[in-house]
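Participant: In terms of full-length UniProt numbering, the sequence shown opens at residue 1 and continues consecutively.
Handing you a structure now.
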Amino acid sequence: MDELEKDNKNNVKLYQYIRKQNRKQTIVNIDSKDWEKHFQKLLRRDYDADIMDQNQIVYRDTSDEQYLPTKEEYFNVLKCLKMNKEGGIDGIVNEMFKYGGQILEEKMYELITSIWITEKMPREWDTGIIIPILKKGKPHLCTNYRGISLLNAAYKLLTSLINKKLQEITETEVGEYQYGFRRGRSTIDAIHSMNQIIEKCCEHNINIHILFVDFKQAFDSINRDAMVQDMEKMGIPRKLINLVRMCIKNSKAVVAAKNGNSEEFAFNAGVRQGDGMSATLFNIVMDRIVKNTHAEGTIINKSVQIIAYADDLALIARDKESLSKLLAVITNEASKRGLDINVEKTKYLSTSKRQEGRDKKEIVIGNFKFEIVENFRYLGSIIDNEGKRQVEITQRIQSGHRAYFKYSSIMKSSRISKDTKLRVYKAAIRSVVTYAAETMSLTRDAEEKMSRFERKIVRRIMGMKKIQDQEYRTLMNHEIEDILKGENIVRAIKARRIRWYGHLKRMEKNKHARKITEWNPDNNRSRGRPKIRWEDQVRKDLSMLDIQEWSKKIQDRTQWKEIVEQAKTYRQL
């Protein structure tokens, strides 16, 4: 804690401390043999060898030499290695390669190019250490954990280079529906697209049906032979396919438990979470599943649409029949690749205003029965079937209070300065409340609730104000404004909305997030005053800032950044 105070001006050290706090979890005494049985059952599969279609395989016409990594590519990967990470089973950490000197750099590059050419790697690189991470639920049940693999640093250097080569192809081949683990895309794109679809459909009386699909242990369940076929169908060069097969064909693991590591065991399923190329490989598999549905457009001009963030799929349809057909194809294609739908966690949501069927708790779609919900936590944000924000605002503020108590040892410590406490508040508490704030349209009531939350936390941090001997009072609202230097939680949200709006308007016109934002449905609106639109709020904020010709300035990143900075502390907002 003294170290935190010492480095209170260092943003990197501050965020490292916060991440360290977030990683803390209760260590439960589950025996290593139990862990071994659990992960063997999860990662060893018997697949039907004949279930995949062998047709439509296209090989990219390129020489293997073109895909040999250059020294420049190797050094770029070396620079990007993250520090303070655990080593693999050999105990070697990333820092050793990053700061090992020129001789080690040259020898490692020679080794990697040799592996690239011969397609043979040291067998010691096959084994990883699985670290069980509690997701949610009872901590004494192995099934409530997911496994993160600690892999040898040298192996991660190799797979990072393979991944760079794969991404050069997947960035142009994977459809616009996929936002997960792609350059220039994030959860914000997916959340914003979903919110805009619901906002516009509710306003224009368009009934849509959404199925939030959850797969059982998606990353751990993939049929590797099917994955290789999907790589072939995408046109991935044979050299890269062979290198991927080399990396996964002899996978082994030990599980780290409180009473020591388990026995080593081999497995044949899934992609290892912790491997640099796993996310890209998963996207290749998911892309083939989606492409086989022929549902790659948007709800603007099609009866169905898919929004995906890695394995988080949202199936959107204008009618139940279309949704049922889409689900049938998804289920069939996913099962060929080892993926099964988790019926309990998959939820159905509809924007229909009809009272008929409102009392139903479940719906049958195809061969499945799903729970009907009015709102759903999608990628950390609450999606409401009427586009309302009340539930989300309430839950965000509750999460903010939980975050405060999580860091209460800092907030209550007399060894930590008030300035450091405010920095921790903004980095670790306010950030929880304002997650995906770019996508929010806020009523005055919602703004006031957030402001009250912030004032309450700041008063706790700053304490009572002394006015005379033995006489104290609570801080007034305007004094809190001065402490925050005008950058309160509401202005922070508005500034982020403006920044995101600029990003949207600079996107290519074929990007789904932009197309949906600019969509103006032809359907008639209901009578009465329409609900607050997200874009109208952003334009109103720009008007209050008195920005002249903002539609031209929006294309200039530097000018737009200045506008965002102005919005953070503009007292009239």
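Quick reminder that beta carbons are idealized off the backbone N, C-alpha and C, glycines included.
Quantities reported herein were computed from a predicted structural model and do not represent experimental measurements.
Measure the CB-CB distance between A310 and G184 and report whether it falls below 8 Å.
Facilitator: In this structure, G184 does not lie closer than 8 Å to A310 by Cβ.
Participant: Compute the distance between the beta-carbons of I89 and T113, then report whether it is under 8 Å.
Facilitator: No, these two residues do not count as a Cβ contact at 8 Å.
Participant: Can you give, in chain order, each stretch of the beta strand (DSSP E) that sits fully within the stretch 124-185 and has at least 3 residues?
Facilitator: Taking only runs of at least 3 residues, the beta strand (DSSP E) segments lying wholly in the stretch 124-185 are 127-134, 145-150.
Participant: Near V58, what residues of its chain come up, given a Cβ to Cβ distance below 6 Å and the 5 sequence neighbours on each side ignored?
Facilitator: Note on V58: pLDDT 49, under 50, position unreliable in the model; the coordinate value appears next. Same-chain partners within the cutoff: G235.
Participant: So, is N332 buried or exposed, given that buried needs 16 or more other C-beta atoms within 10 angstroms?
Facilitator: Under this definition N332 is an exposed residue.
Participant: Have a look at V254, S193, L475, G366 and flag the residue whose alpha-carbon is nearest the alpha-carbon of Y348.
Facilitator: Closest by alpha carbon: G366.
Participant: Considering just the uninterrupted stretch of the alpha helix (DSSP H) at A269, what are its terminal residues?
Facilitator: Element bounds for A269: n/a, residue is neither H nor E.
Participant: Identify the continuous alpha helix (DSSP H) that holds A492 and give its terminal residues.
Facilitator: 489-506 is the span of the alpha helix (DSSP H), which, as asked, contains A492.
Participant: From the DSSP output, read off the bridge partner residues of Y472.
Facilitator: Y472 pairs with K466.
Participant: Check each candidate in Q468, G502, F212 and name the one with the smallest Cα separation from I307.
Facilitator: Looking at the Cα atoms, F212 is the closest of the given residues.
Participant: For the alpha helix (DSSP H) holding I382, just list the boundary residues, first then last.
Facilitator: Counting along the chain, I382 falls outside any alpha helix (DSSP H), though it belongs to the beta strand (DSSP E) covering 381-384.
Participant: Does the count of Cβ pairs from the stretch 228-243 and the stretch 416-434 closer than 8 Å reach three?
Facilitator: Contact between the stretch 228-243 and the stretch 416-434 is absent, because fewer than three Cβ pairs lie under 8 Å.
Participant: For Q56, which residues from the same chain have a beta carbon less than 8 Å from its beta carbon, with the 5 sequence-adjacent residues on both sides left out?
Facilitator: Caution applies to Q56, whose pLDDT of 49 falls short of 50 and renders its modelled position unreliable; the model cannot decide the point.
Participant: Out of K505, I115, I429, F267, which one is the CA nearest neighbour of I130?
Facilitator: Comparing Cα positions, the closest option is F267.
Participant: Would H478 be called buried (16 or more neighbouring beta carbons within 10 Å of its own) or exposed?
Facilitator: The residue is exposed, with fewer than 16 neighbouring Cβ atoms inside 10 Å.
Participant: What residue range does the alpha helix (DSSP H) around F219 cover?
Facilitator: Here the alpha helix (DSSP H) through F219 covers 218-221.
Participant: Are the stretch 449-461 and the stretch 391-400 in contact at 8 Å, needing three or more beta carbon pairs?
Facilitator: Verdict: yes, contact present.
Participant: Quick check on DSSP: helix, strand or coil for S543?
Facilitator: Helix.
Participant: Does DSSP put Y17 in a helix, a strand or coil?
Facilitator: Y17: helix per DSSP, three-state reduction.
Participant: The beta strand (DSSP E) that contains K249, what's its start and end?
Facilitator: First-last for K249: undefined, no H or E at that position.
Participant: Rounded to whole angstroms, what is the Cα-Cα separation between Y435 and S381?
Facilitator: Answer to the nearest angstrom: the Cα atoms are 8 Å apart.
Participant: Spell out a yes or no on whether the stretch 135-144 and the stretch 249-262 are touching, meaning 3 or more CB-CB pairs, one atom from each, closer than 8 Å.
Facilitator: No: the two stretches stay apart, fewer than three of their Cβ pairs being nearer than 8 Å.
Participant: In the structure shown, what three-state DSSP assignment does K568 receive?
Facilitator: K568 falls in the helix class under three-state DSSP.
Participant: Suppose the cutoff is 6 Å on Cβ atoms and the five residues either side in sequence are ignored; what does the same chain contact list for E119 look like?
Facilitator: Within the same chain, E119 has close Cβ partners N242, M246.
Participant: Measure the C-alpha to C-alpha separation of L422 and V458 and round it to an integer number of angstroms.
Facilitator: Approximately 8 Å, taken between the alpha carbons.
Participant: Would you call the stretch 337-353 and the stretch 377-395 touching, i.e. three or more CB-CB distances under 8 Å?
Facilitator: Yes, they touch.
Participant: Rounding to the nearest angstrom, what Cα-Cα distance links E565 and L542 in this structure?
Facilitator: If you take the alpha carbons of E565 and L542, they lie about 12 Å apart.
Participant: Beta carbon of I162, beta carbon of Y145: below 8 Å?
Facilitator: No, Cβ-Cβ distance for I162 and Y145 is not below 8 Å.
Participant: Please give me, in chain order, every unbroken run of the beta strand (DSSP E) with length at least 3 that falls completely inside the stretch 68-100.
Facilitator: Segments of the beta strand (DSSP E) lying fully in the stretch 68-100: there are none.
Participant: Residue 632 lies in the alpha helix (DSSP H); which residues open and close that run?
Facilitator: Outside the displayed span of the chain (1 to 573) sits residue 632, for which this structure offers no information.
Participant: Less than 6 Å between C-beta atoms, sequence neighbours within five positions excluded: which residues of the same chain meet that for N261?
Facilitator: Within the same chain, N261 has close Cβ partners V254.
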